[in-house]
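Undergrad: Heads up, the sequence shown is in my numbering, so the first residue is 42 and it goes up one at a time. Right, I'll just put the structure down here and ask away after.
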Amino acid sequence: MILEKIFACGHENISCIHSSTIELTKDAHITKRGTCILGINATKACIDLNDITKKKIKNGNKLTIIINIDNEREMFYGYGNPNLTLVNKNDMVFRKSSFICDRTVLIRCSKASNDLNKNLINKIKVSNKQFSIQFIDDEF
42 MILEKIFACG HENISCIHSS TIELTKDAHI TKRGTCILGI NATKACIDLN
92 DITKKKIKNG NKLTIIINID NEREMFYGYG NPNLTLVNKN DMVFRKSSFI
142 CDRTVLIRCS KASNDLNKNL INKIKVSNKQ FSIQFIDDEF
């Protein structure tokens, strides 16, 4: 069951070389220092997720994330946690670790930005190229 569909855009400074996180941001521009950022101009941050998605995350559910751009598709999974606040108004961060802050959306994720398919990353590097991110509930 698709819980959430978010859109974000690419940017020439996207590198996706971070080894522990993937980030989406509502910011319209990034520098090369943002090595975990997958997309900018995101249509949602943590606080914008719908109530059903937030409930699943706070219940500790395992969710699958699907990234689609053109004919490239990437999947990974992560887990919610009752301690996730989901209140950040600008970003969402998927973490391989169990670290929690207001930007964290899922923890113990199966991939970080440097694990993502390089063909997908190269397509996302095209400035203003839109792609989608879906939150899927595997337990439905």
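From the three backbone atoms N, C-alpha and C, an ideal C-beta is built for every residue, glycine too.
1. So what does T145 bridge to, in DSSP terms?
2. Can you grab the Cα-Cα spacing for the pair K101 / I141, in whole Å?
3. Mind pulling the alpha helix (DSSP H) runs of 4 or more residues that sit fully within the segment 84–129?
4. With a threshold of 16 other CB atoms inside 10 Å of the CB of V134, please say whether the residue is buried or exposed.
5. Please return the same chain residues whose Cβ sits closer than 7 angstroms to the Cβ of T145, not counting the five positions on each side in sequence.
6. Rounded to the nearest angstrom, what separates K130 and D89 at their Cα positions?
TA: In this structure, then:
1. Residue pairing for T145: DSSP places it in a beta bridge opposite V134.
2. The sequence given here has Gly at residue 101, not Lys. C-alpha separation (whole angstroms): 13 angstroms.
3. Qualifying alpha helix (DSSP H) stretches, in chain order: 92–99.
4. V134 comes out buried.
5. The answer, listed in chain order, is L125, V134 and R136.
6. Rounded to the nearest whole angstrom, the C-alpha separation of K130 and D89 is 7 angstroms.
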